[in-house]
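Visitor: One structure coming up, written as structure tokens, with questions to follow.
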Amino acid sequence: MKKHSIILGTILLFFLTSCQKELSDNFTVYAGDPRNDTIWTATTPSTAPIHQLAKQFFPDLLVDSFECSTGDTLTFKDEIELLIPAAACTDNSGTIVTGKVKIEFFRLKKKGDFIKFFKPTTAGKYLLETAGGFFIRITRNGQELKLAPNTAITIRFRDSEDPKNNMQVFHARETIPFISNGIDTAHTWVRHTDTSWIRTWQKTDPSSNALLKGYELTTNQLRWIGANRYIDSSLLHTSIFAYLPQNFTNKNTVLYAVFVDQKIVVSLSPDARSKAFTAPQIPRGAKIKILSFSRLGTDLYMGIKDINDVGTMNTYKIEPQKKSLTDILNVINSL
């Protein structure tokens, strides 16, 4: 009898332990639950749960207005000035717009901002170090406007780091024009046709006597704008691979590698055949943090893996944990 009690107790302990492990490598069927879906797809469908992450992660844009006929200089926090010349905007027919127009603005200042907008700092397979990015949209009566021919705006902004003299203007190639419609999985940065270096500046703050430094870029395009530079392509590099429990697929999960010592954010692309996420061109010896973000049903999951030396081992296992949206955003904002 005593032997039977021990066996029964062992079985119950195993059962309780298994129940606490909500998601594991050993797939469990959950009746009517989205965690049952372990199917990967060749491309990420527009109805995939990851697109709901975009609606939860996107921060609010700053909204202002200006008189288009006369132009304006708009000032935002963090020493940002946006210089807009007179008669700068046209509608879809090419007609110069007059009167009051609406401007939406956001600065991608920290590495976490690039994650919240799902805009990794890459140009195709090449890695970009960034000094920051901007989203600028100008509309009138709901219609999006563009800059007139031979017209450019100037963005003057402060940076907490010493400005680098070889930054260039980049623009995002978009496949989803409405940023609230989901993640643009085909996003890439494209260098502007004007490849000259972005101007740098410095001045003394009269109130604190502190030395302020930053950049001044000029562009003839709106929407996504970046101050970026290619990293040294001669560095030894490798590909990295990340595996997750089988409940986490390319339909419900996105991964990013964030460089600890540089402002670089890389998206790990899904590979349906190997059921892994991968990124090429990662410099050997780099110190990075891999983060996974998932939406299964209405639940959110996040996984974190700190890598101190890429190249010692380049295949990593990520173990996502259920988190609140607040917890996830706190981690993203700390990057």
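In our numbering, the protein residues as written are 14 to 348. We put the CB at the ideal spot given by N, CA and C, even for glycine.
1. Could you pull out every residue in the same chain whose Cβ sits closer than 8 Å to the Cβ of Ala292, ignoring the five residues on either side in sequence?
2. Could you give the residue range of the alpha helix (DSSP H) that holds Gln294?
3. Got a sec, what are the start and stop residues for the beta strand (DSSP E) Asn343 sits in?
4. Tell me the rounded alpha-carbon separation between Tyr314 and Asp284.
5. Report the rounded CA-to-CA distance for Phe170 versus Arg236, giving the unit in angstroms.
6. Looking at Asp312: is its Cβ nearer than 8 Å to the Cβ of Lys335?
7. Enumerated in chain order, which unbroken segments of the alpha helix (DSSP H) with a length of 4 residues or greater are wholly contained in the segment 86-157?
8. Since Leu66 is in the alpha helix (DSSP H), which residue starts that stretch and which ends it?
9. How far does the beta strand (DSSP E) with Glu229 in it reach, from first residue to last?
10. Can you find a C-beta in chain C that's less than 8 Å from the C-beta of Ile63?
11. Is it right to say Val203 is buried, meaning 16 or more other beta carbons lie within 10 angstroms of its own, or is it exposed?
12. Between which residues of its own chain and Arg186 is the CB-CB distance below 6 Å, once the five residues before and five after are set aside?
13. Comparing alpha-carbon positions, which option in Leu342, Lys264 and Thr325 lies nearest Ala55?
14. Check the DSSP bridge columns for His184 and list the partner residues they point to.
15. Please confirm if the segment 326-344 is in contact with the segment 151-160, defined as three or more CB-CB distances below 8 Å between the two stretches.
16. Spell out the partners DSSP gives Gly316 in its beta bridges.
17. Given a cut-off of 8 Å, decide if Thr262 and Thr51 are closer than it, judged by their beta-carbon atoms.
18. Grouping DSSP H, G and I as helix and E and B as strand, with all else coil, what is Arg212?
19. In the DSSP output, which residue or residues are listed as bridge partners for Leu281?
20. I want to know whether the segment 318-325 touches the segment 337-346 - three or more CB-CB distances under 8 Å.
21. I'd like to know whether the C-beta atoms of Thr213 and Pro176 end up nearer to each other than 8 Å.
22. Near Pro133, what residues of its chain come up, given a Cβ to Cβ distance below 6 Å and the 5 sequence neighbours on each side ignored?
23. I'd like the list of long-range same chain contacts for Phe131, defined as Cβ closer than 6 Å, with 5 residues on each side in sequence excluded.
24. Check Arg48 in the structure and name its three-state DSSP category.
25. Determine whether the beta carbon atoms of Leu140 and Gln294 lie at a separation below 8 Å.
26. Taking the beta strand (DSSP E) that Thr251 falls in, what are its first and last residues?
27. Going by the beta-carbon positions, is the gap between Ala101 and Ile166 smaller than 8 Å?
28. From this set, Phe290, Leu257 and Ile109, which residue's C-alpha is nearest Thr83's C-alpha?
29. Is it buried or exposed, Thr232, if we count other Cβ atoms within 10 angstroms and call 16 or more buried?
30. Confirm, please, whether the CB-CB distance from Ile244 to Val273 is below 8 Å.
31. I'd like to confirm the pairing. Which residues does DSSP put opposite Gln334 in its beta bridges?
32. Under 8 Å, do Pro296 and Leu348 count as touching if we go by C-beta distance?
33. My assumption, with CB atoms under 8 Å, is that Phe70 sits in contact with Lys129. Please give the rounded CB distance.
34. Near Asp205, what residues of its chain come up, given a Cβ to Cβ distance below 8 Å and the 5 sequence neighbours on each side ignored?
35. When the Cα atoms are used, what is the spatial distance from Asn346 to Ser307?
Guide: Inspection of the coordinates gives the following:
1. Residue mapping note: residue 292 aligns to position 279 of the sequence shown, counting from 1. Exclusion of the five residues before and after Ala292 leaves Ser252, Ile253, Ala270, Val279, Ser280, Leu281 and Ser282 as the residues of its chain whose Cβ lies within less than 8 Å of its Cβ.
2. For the purposes of this step, residue 294 is identified with residue 281 of the sequence shown, where counting begins at 1. Gln294 -> not in any alpha helix (DSSP H); beta strand (DSSP E) instead, spanning Ala289 to Pro296.
3. By 1-based counting over the sequence shown, the position of residue 343 is 330. Note, Asn343: premise wrong, no beta strand (DSSP E); alpha helix (DSSP H) at Leu338 to Asn346.
4. What you label residue 314 is simply residue 301 of the sequence shown in a count that begins at 1. What you label residue 284 is simply residue 271 of the sequence shown in a count that begins at 1. Near 20 Å, if we compare the C-alpha coordinates of Asp284 and Tyr314.
5. Walking along the sequence shown from the start, residue 170 turns up at place 157. Walking along the sequence shown from the start, residue 236 turns up at place 223. If you take the alpha carbons of Phe170 and Arg236, they lie about 17 Å apart.
6. Against the sequence shown, residue 312 aligns to sequence position 299. Against the sequence shown, residue 335 aligns to sequence position 322. Yes, the pair counts as a contact, with Cβ atoms nearer than the cut-off.
7. Entirely contained in the segment 86-157, the alpha helix (DSSP H) runs reaching 4 residues are, in chain order, 124-129.
8. Counting from one through the sequence shown, the residue named residue 66 turns up at place 53. Boundaries of the alpha helix (DSSP H) around Leu66: Ile63 to Phe70.
9. As a first step, residue 229 must be located in the sequence shown, where it is residue number 216. Run containing Glu229: Leu224 to Thr232, per the beta strand (DSSP E) assignment.
10. Protein chains in the displayed structure number just one, and chain C is not present.
11. Within the sequence shown, residue 203 is the residue found at index 190, counting from 1. So Val203 counts as exposed.
12. The count along the sequence shown starts at 1 and reaches residue 186 at position 173. Excluding sequence neighbours, Arg186 sits near Thr201 and Val203.
13. Counting from one through the sequence shown, the residue named residue 55 turns up at place 42. Closest option to Ala55, Cα to Cα, is Lys264.
14. Position 171 of the sequence shown, counted from the start, is the residue given in the question as residue 184. Paired residue(s): Val203 and Ile238.
15. Too few Cβ pairs lie closer than 8 Å, so no.
16. Position 303 of the sequence shown holds residue 316. Bridge pairing for Gly316: Ser305 [DSSP].
17. As a working note, residue 51 is residue 38 in the sequence shown. As a working note, residue 262 is residue 249 in the sequence shown. Yes; because the gap between Cβ atoms is below 8 Å, this pair is in contact.
18. Working through the sequence shown from its first residue, we reach residue 212 at position 199. Looking at Arg212 - three-state DSSP - the assignment turns out to be strand.
19. Indexing the sequence shown from 1 puts residue 281 at position 268. Residue pairing from DSSP places Leu281 in a beta bridge opposite Leu268.
20. No: fewer than three Cβ pairs fall under 8 Å.
21. On the sequence shown, position 200 is the one that residue 213 refers to. On the sequence shown, position 163 is the one that residue 176 refers to. Less than 8 Å separates the beta-carbon of Thr213 from that of Pro176.
22. Against the sequence shown, residue 133 aligns to sequence position 120. Cβ within range, chain order: Val278, Val279 and Ser280.
23. Translated into the one-based positions of the sequence shown, residue 131 becomes position 118. Answer for Phe131: Ile196, listed in chain order.
24. Against the sequence shown, residue 48 aligns to sequence position 35. Here DSSP, grouped into helix, strand and coil, assigns Arg48 to helix.
25. Locating residue 140 in the sequence shown gives position 127, where the first residue counts as 1. Locating residue 294 in the sequence shown gives position 281, where the first residue counts as 1. With respect to Gln294, Leu140 sits close: the two C-beta atoms are nearer than 8 Å.
26. Counting from 1 along the sequence shown, the entry for residue 251 is found at position 238. Unbroken beta strand (DSSP E) run through Thr251: His250 to Tyr256.
27. Along the sequence shown, read from residue 1 onward, the residue named residue 101 stands at position 88. Along the sequence shown, read from residue 1 onward, the residue named residue 166 stands at position 153. Taking 8 Å as the Cβ cut-off, Ala101 and Ile166 qualify as a contacting pair.
28. Working through the sequence shown from its first residue, we reach residue 83 at position 70. Closest in alpha carbon position to Thr83, among Phe290, Leu257 and Ile109, is Ile109.
29. Sequence index remark: in the sequence shown, residue 232 carries index 219 (1-based). Its Cβ being crowded by 16 or more others within 10 Å, Thr232 is buried.
30. Here residue 273 corresponds to residue number 260 of the sequence shown, with the count starting at 1. Here residue 244 corresponds to residue number 231 of the sequence shown, with the count starting at 1. Not in contact: Val273 and Ile244 (Cβ atoms no closer than 8 Å).
31. Here residue 334 refers to the residue found at position 321 of the sequence shown. Gln334 pairs with Met315.
32. The sequence position of residue 296 within the sequence shown is 283, counting from 1. The sequence position of residue 348 within the sequence shown is 335, counting from 1. Going by C-beta atoms, Pro296 is not nearer than 8 Å to Leu348.
33. Mapped onto the sequence shown, residue 70 falls at position 57. Mapped onto the sequence shown, residue 129 falls at position 116. The Cβ separation is near 5 Å, so the contact holds.
34. Along the sequence shown, read from residue 1 onward, the residue named residue 205 stands at position 192. According to the sequence as given, residue 205 is His; it is not Asp. In the same chain as His205, and ignoring 5 residues on each side of it, the C-beta atoms closer than 8 Å to its own belong to Gln181, Val182, Phe183, His184, Thr232 and Gln234, in chain order.
35. For the purposes of this step, residue 346 is taken as residue 333 along the sequence shown, with counting starting at 1. For the purposes of this step, residue 307 is taken as residue 294 along the sequence shown, with counting starting at 1. In this structure, the alpha-carbon of Asn346 lies about 17 Å from that of Ser307.
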